[in-house]
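Q: Have a look at the structure that comes next, please.
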Amino acid sequence: MIVAVVGKGGVGKTTIAALILRRLIECGETPVLAIDADPSNCLGHALGIAAGPTLADMREELRNGTGRPPSMSSSEWFALQAEEAMVENAGFDLLTMGRPEGKGCYCYVNNLIRDHLDRLARSYRHVLVDCEAGLEHLSRRTSGRADVLVCVANRSRMAAETVRRSLDLYRDMHDGPPPRADLVLNQCEAGQAGISSAPFRHVLEVPQDPQIAEFDSTGASLLSLHAPSPAVAALASWEVRG
Ligand SMILES: Nc1ncnc2c1ncn2[C@@H]1O[C@H](COP(=O)(O)OP(=O)(O)O)[C@@H](O)[C@H]1O
Ligand SMILES: [Mg+2]
C-alpha cells in the first residue's frame, strides 16, 4: 500500500504518520519506506532520528552537475547519491525529501527523482508518506497514486476545509476518489470537527496524549511510546490491509 497522510499544518500529520508506522511494524507489515515529504522535516524528529542529507540536497548537486563521474549516467549517479539520504532502521527506512525547489527548471531532475522513488518503492511492503499540506507532490514527485489517503483533522474549521480540498484535489488528479480514505480526528471527537464521515472508510478519534507532548519536547521516538498511551490504543483499530 501507498499510505499518504494529509491535512493542514499543525493538525498532527507527522504524529499520526509515526503512529501508523508503529502499527505497521507491530503487525509485521515490514519493510516500510517512510517518506518525509514535508519541507519542515519533522518525521525524523518524531522518530528520534537525527537529520541527515535530503533528496533536495542531492537534486541541487545533480542540477549543478558537480561530482558525477563521466562514466556514470545521471540516473545511476542519482540512485547512488540517494542511498546516502536513506536512513535504515529496524523494520523501516526513512527518506527525507527536504525543501521544495527554488528558481529554475527542475523538470528533468524531478523526473529522475520520481523514477527513482518508483523503483525504490518496489522493494518495500508499504510506503508511508508524511505529506506537506498540499497534495501536489503526490503527482509531481511520486507518480504512484495513494492507495490509502489518511486525512487528519482537528476541531479547527480550516483543518476540515483542508481535508475537503485534499479529497477534491485527489479526485481532479486521478479522475476519481481514492480507493480508501480514512479520517483521523486528532485531539477531538466526531461532533467537534465539522466534517461529515460519509466519504471515509474508517473514522478514528485520537485523544490528546500527554506522553506525545513529553516525547515531543525530549526528542524521543514515538515508536517507543509505552502503555497506557491513549493515542497508540486509538491507532490499534487502524486497518493495516488495503
Ligand atoms: N494526540 C496528540 N496528543 C498530544 N500532542 C499531540 C497530539 N497530536 C499532535 N500533537 C502535538 O501537536 C504538535 C503538532 O503535531 P504534528 O504532528 O507535528 O503536526 P503536523 O505534522 O500536521 O504539522 C506537535 O507538537 C505534536 O507533538
Ligand atoms: Mg509535520
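Heads up, the sequence shown is in this note's numbering, so the first residue is 61 and it goes up one at a time. Heads up, the beta-carbon is just placed ideally off N, CA and C, and yes, glycines get one too.
Measuring CB to CB, does Val147 end up less than 9 Å from Leu140?
A: As a first step, residue 147 is located in the sequence shown; it is residue number 87 there, counting from the start. As a first step, residue 140 is located in the sequence shown; it is residue number 80 there, counting from the start. Cβ atoms of Val147 and Leu140: not closer than 9 Å.
Q: For the segment 90–106 against the segment 228–239, do three or more pairs of beta-carbon atoms, one drawn from each stretch, fall closer than 8 Å, so that the two count as touching?
A: no
Q: Please output, in chain order, the residues near ligand 1 using a CB cut-off of less than 6 Å to any non-hydrogen atom of the ligand.
A: In chain order, the qualifying residues are Gly67, Gly69, Gly70, Val71, Gly72, Lys73, Thr74, Thr75, Cys102, Asn246, Gln247, Val266, Gln268, Asp269, Ile272, Ala273, Asp276, Ala291.
Q: Within 8 Å: the Cβ of Asp117 and any heavy atom of ligand 4?
A: By its list of ligands, the structure shown excludes ligand 4, since it contains just ligand 1 and ligand 2.
Q: By DSSP, does Leu188 sit in helix, in strand, or in coil?
A: Looking up residue 188 in the sequence shown gives position 128. DSSP places Leu188 within a strand segment (E or B) once states are collapsed to three.
Q: Please classify Thr126 as buried or exposed, where buried requires at least 16 other C-beta atoms within 10 Å of its C-beta.
A: Along the sequence shown, one-based indexing puts residue 126 at 66. With fewer than 16 Cβ atoms within 10 Å of its Cβ, Thr126 is classed as exposed.
Q: Closer than 7 Å by C-beta to Gln252: which residues in its own chain qualify, once you throw out the five before and the five after it? Chain order, please.
A: Position 192 of the sequence shown, counted from the first residue, corresponds to residue 252. Excluding positions up to five away in sequence, the list reads Arg215.
Q: Cutting at 8 Å between CB atoms, please list the residues of its own chain near Leu283, excluding the five before and the five after it.
A: Locating residue 283 in the sequence shown gives position 223, where the first residue counts as 1. Ala78, Leu81, Arg82, Ile85, Leu107, Gly108, listed in sequence order.
Q: Just how far apart, CA to CA, sit Val169 and Asp98?
A: The sequence position of residue 169 within the sequence shown is 109, counting from 1. The sequence position of residue 98 within the sequence shown is 38, counting from 1. Looking at the two C-alpha atoms, the distance is approximately 19 Å.
Q: What three-state label does DSSP hand Thr222 in the structure shown?
A: Here residue 222 is taken as the residue at index 162 of the sequence shown, counted from 1. Three-state DSSP puts Thr222 in a helix.
Q: Assuming contact is defined by CB atoms lying nearer than 9 Å, are Leu245 and Glu265 in contact in what I supplied?
A: Your numbering for residue 245 matches position 185 in the sequence shown. Your numbering for residue 265 matches position 205 in the sequence shown. Against a cut-off of 9 Å, the Cβ pair of Glu265 and Leu245 comes out as a contact.
Q: Spell out a yes or no on whether the segment 217–236 and the segment 275–282 are touching, meaning 3 or more CB-CB pairs, one atom from each, closer than 8 Å.
A: no
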